[in-house]
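S.K.:
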Amino acid sequence: MSETILGIDVAKKKLDVALMFNDRTLTHKFANSPKGFKELQGWLRSLHIERVHACLESTGIYGEAVAEFLYEKSHRVSVVNPLRIKGYAKADLRRNKTDPADARLIADFCRVKHPDDWHPLPAEVKHLQALTRRIESLDQMLVAERNRLEAATGDVPPSIERMIETLETEIRNVQTLIKEHIDNNPDLKQQHDLLKSIPGIGEKTAPFLLGEVEFRRFDSARAVAAHAGLTPRKDQSGTSLNRTRLSKLGNGRIRKALYFPAIVAVKHNQVIKQLAGRLIQNGKTPMQVICAAMRKLLHIAYGVIKHNRPFDPNTA
3 MSETILGIDV AKKKLDVALM FNDRTLTHKF ANSPKGFKEL QGWLRSLHIE RVHACLESTG
63 IYGEAVAEFL YEKSHRVSVV NPLRIKGYAK ADLRRNKTDP ADARLIADFC RVKHPDDWHP
123 LPAEVKHLQA LTRRIESLDQ MLVAERNRLE AATGDVPPSI ERMIETLETE IRNVQTLIKE
183 HIDNNPDLKQ QHDLLKSIPG IGEKTAPFLL GEVEFRRFDS ARAVAAHAGL TPRKDQSGTS
243 LNRTRLSKLG NGRIRKALYF PAIVAVKHNQ VIKQLAGRLI QNGKTPMQVI CAAMRKLLHI
303 AYGVIKHNRP FDPNTA
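For the sequence shown, our numbering gives the first residue as 3, with consecutive numbering after it.
1) Return the chain-ordered list of same chain residues with a C-beta closer than 6 Å to the C-beta of Ile-200, the five sequence neighbours on each side being excluded.
2) In this structure, how does DSSP classify His-301 when only helix, strand and coil are distinguished?
3) Let me know the secondary structure DSSP gives Lys-275 once reduced to three states.
4) CA-CA distance, His-229 and Thr-61?
5) For Leu-95, I'd like the list of residues in its chain whose CB is within less than 7 Å of its CB, leaving aside the five on either flank, ordered along the chain.
6) Check whether the segment 291-306 touches the segment 253-261, taking contact to mean three or more Cβ pairs, one atom from each stretch, closer than 8 Å.
7) Using alpha carbons as the reference points, say which of Ile-63, Pro-288, Leu-179 lies closest to Tyr-261.
8) Is it a yes or a no for the segment 44-55 touching the segment 68-86, going by three-plus beta-carbon pairs under 8 Å?
9) Roughly how many angstroms lie between the CA atoms of Ala-154 and Glu-163, to the nearest whole one?
10) Measuring CB to CB, does Val-226 end up less than 7 Å from Leu-169?
11) Mark Met-3 as exposed unless 16 or more other C-beta atoms lie within 10 angstroms of its C-beta, in which case mark it buried.
12) Considering only the alpha carbon of each residue, which of Leu-85, Glu-216, Tyr-90, His-194 lies closest to Pro-122?
13) Quick one: what does DSSP say Asn-244 is sitting in, helix, strand or coil?
14) Which partner residues does Cys-57 have in the DSSP bridge list?
15) Quick one: what's got a C-beta closer than 6 Å to Asp-101's C-beta in the same chain, skipping five residues either side?
16) Can you grab the Cα-Cα spacing for the pair Ala-13 / Ala-105, in whole Å?
17) Could you check the C-alpha separation between Lys-115 and Glu-59 for me, to the nearest Å?
18) Rank Glu-152, Leu-133, Leu-197 by C-alpha distance to the C-alpha of Thr-178 and give the top, closest one.
19) Give me the DSSP bridge partner(s) of Phe-32.
20) Have a look at Asn-187 and Ser-48 and give me their C-alpha separation to the nearest angstrom.
21) Please state if the CB of Gly-202 and the CB of Pro-124 are separated by a distance shorter than 7 Å.
22) Short of 8 Å in beta carbon distance, which residues of its chain neighbour Leu-140, apart from the five on each side in sequence? Order them along the chain.
23) Is it buried or exposed, Gly-89, if we count other Cβ atoms within 10 angstroms and call 16 or more buried?
24) Could you give the DSSP three-state label for Pro-234: helix, strand or coil?
25) Which of helix, strand or coil does DSSP assign to Met-3?
26) For Asn-34, which option in Ile-7, Leu-8, Glu-66 has the closest C-alpha, if you only look at C-alpha atoms?
27) What is the C-beta distance between Leu-212 and Leu-144, in whole angstroms, given that I count them as a contact (C-beta under 8 Å)?
28) Per the DSSP calculation, Phe-23 is bridged to which residue(s)?
29) Compute the distance between the beta-carbons of Ile-307 and Leu-196, then report whether it is under 7 Å.
30) Please say whether Ile-166 and Glu-182 have beta carbons closer to each other than 7 Å?
31) Residues in its own chain within less than 8 Å of Thr-207 by CB, not counting five upstream and five downstream?
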């Protein structure tokens, strides 16, 4: 084995790890906390291991801290889509599912598949992402309260109305924080203005995209679309199945954020309007047209930032 592998199964309060080295596999548990991370690093050093290839699933906020800790300690880190791990387990006919077994599975996946390296977000992007995701959560709560208000009776409506007012105020406060943060970071401000030059991408969508997509880290517009799960996936088998749909193997937040901008772009963005017209003539459904518009919007967004030029319909 040319590389020491550390598979990590992440839970809210603990980390189950499987260490593969010298034809051995050792398992251990640590707290999912700064103290636990230091104990993990001490355990590796007690085994005379200075550098590992650590691999964990991208399961949300619980794994971010340990990934950043290991990266800062000069370990190689990979953060993998859970569907890849699940598919690998099925292909290998794995039957047991326990936390230690999952850690060994992740380590074996890393040994065989050599997943790409992960890098933490720059501090200013991570802060922007936290703010935009907070807006997302507040919007969801606001929609839920408005839905409750429609069916509320008796003394309940005034309570709901007060909550709605509070949520609307907090959304405006966070929007102000987002604007101030972008204005105080020249690079974010420049990218923000470039994105807003695209018809269909407005004041709400531009910050969200900057918080979810590091455009400059991608080598192509197609790679950005794949990151968002907006690339086509063809299903064909014999004569009974032949269809194409979105892969959806990516960041669902980006797809959700681009849905309404795509509808606007079909009407007001010259490039996407022409694309939609061709698709409609070819018999595509309205949803297929919107999905294609979402993908094209993301391609254009990548282009304006890569070339550092505002949107131009003649060169898009």
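Built from N, CA and C at the ideal position, the CB exists for glycine as well.
M.R.: Let me lay it out:
1) Against the sequence shown, residue 200 aligns to sequence position 198. Counting only Cβ-Cβ distances below 6 Å, and skipping sequence neighbours, we find Ile-302, Phe-313.
2) Numbered from 1 along the sequence shown, position 299 holds the residue referred to as residue 301. The answer is helix: DSSP assigns His-301 an H, G or I state.
3) Numbered from 1 along the sequence shown, position 273 holds the residue referred to as residue 275. Reduced to three states, the DSSP call for Lys-275 is helix.
4) One-based indexing of the sequence shown puts residue 229 at position 227. One-based indexing of the sequence shown puts residue 61 at position 59. Approximately 16 Å between the Cα atoms of the pair.
5) Position 93 of the sequence shown, counting from 1, holds the residue named residue 95. Result list for Leu-95: empty, nothing under 7 Å.
6) yes
7) As a position in the sequence shown, residue 261 is number 259, starting the count at 1. When only C-alpha atoms are compared, the closest one is Pro-288.
8) yes
9) The count along the sequence shown starts at 1 and reaches residue 154 at position 152. The count along the sequence shown starts at 1 and reaches residue 163 at position 161. Answer to the nearest angstrom: the Cα atoms are 11 Å apart.
10) Start at 1 with the first residue of the sequence shown, and residue 226 comes out as number 224. Start at 1 with the first residue of the sequence shown, and residue 169 comes out as number 167. Not a contact, by the Cβ cut-off of 7 Å.
11) Your numbering for residue 3 matches position 1 in the sequence shown. Low local confidence applies: a pLDDT of 48 at Met-3 is under 50, so the model's placement there is unreliable, and no value is given.
12) Position 120 of the sequence shown, counted from the start, is the residue given in the question as residue 122. Closest option to Pro-122, Cα to Cα, is Glu-216.
13) Indexing the sequence shown from 1 puts residue 244 at position 242. Because Asn-244 sits at a pLDDT of 49, beneath the cut-off of 50, its placement in the model cannot be relied upon, and the point is left open.
14) For the purposes of this step, residue 57 is taken as residue 55 along the sequence shown, with counting starting at 1. In the DSSP output, where bridge partners are listed per residue, Cys-57 has Gly-9, Ser-80.
15) Here residue 101 refers to the residue found at position 99 of the sequence shown. Only Asp-11, Asp-18 meet the Cβ criterion.
16) Numbered from 1 along the sequence shown, position 11 holds the residue referred to as residue 13. Numbered from 1 along the sequence shown, position 103 holds the residue referred to as residue 105. Taking the straight line joining both Cα atoms gives about 11 Å.
17) Residue 115 sits at position 113 when you count from the first residue of the sequence shown. Residue 59 sits at position 57 when you count from the first residue of the sequence shown. Looking at the two C-alpha atoms, the distance is approximately 14 Å.
18) For the purposes of this step, residue 178 is identified with residue 176 of the sequence shown, where counting begins at 1. That would be Leu-133, whose Cα lies nearest to the Cα of Thr-178.
19) The residue given as residue 32 occupies position 30 in the sequence shown. Looking at the DSSP assignment, Phe-32 forms a beta bridge with Leu-17.
20) As a first step, residue 187 is located in the sequence shown; it is residue number 185 there, counting from the start. As a first step, residue 48 is located in the sequence shown; it is residue number 46 there, counting from the start. Whole-angstrom Cα-Cα distance: 43 Å.
21) Taking the first residue of the sequence shown as position 1, residue 124 is located at position 122. Taking the first residue of the sequence shown as position 1, residue 202 is located at position 200. It is not a contact, given that the beta carbons lie outside the stated cut-off.
22) Residue numbering aside, residue 140 sits at position 138 when the sequence shown is read from its first letter. Only Leu-169, Glu-172, Ile-173, Val-176 meet the Cβ criterion.
23) Residue mapping note: residue 89 aligns to position 87 of the sequence shown, counting from 1. Under this definition Gly-89 is an exposed residue.
24) Here residue 234 refers to the residue found at position 232 of the sequence shown. If DSSP states are grouped into helix, strand and coil, Pro-234 belongs with the strands.
25) The sequence position of residue 3 within the sequence shown is 1, counting from 1. Low per-residue confidence applies at Met-3: pLDDT is 48, beneath 50, and the placement is therefore not dependable enough to give any value.
26) Here residue 34 refers to the residue found at position 32 of the sequence shown. Asn-34 has its Cα closest to that of Glu-66, out of Ile-7, Leu-8, Glu-66.
27) As a working note, residue 212 is residue 210 in the sequence shown. As a working note, residue 144 is residue 142 in the sequence shown. No, Leu-212 and Leu-144 are not in contact; Cβ-Cβ is about 23 Å, not under 8 Å.
28) Indexing the sequence shown from 1 puts residue 23 at position 21. Arg-26, per the DSSP bridge assignment.
29) Within the sequence shown, numbered from 1, the residue matching residue 307 stands at position 305. Within the sequence shown, numbered from 1, the residue matching residue 196 stands at position 194. A contact, by the Cβ cut-off of 7 Å.
30) Locating residue 182 in the sequence shown gives position 180, counting from the first residue. Locating residue 166 in the sequence shown gives position 164, counting from the first residue. Contact: no.
31) Against the sequence shown, residue 207 aligns to sequence position 205. Around Thr-207: Leu-197, Ala-259, Leu-260, Pro-263.
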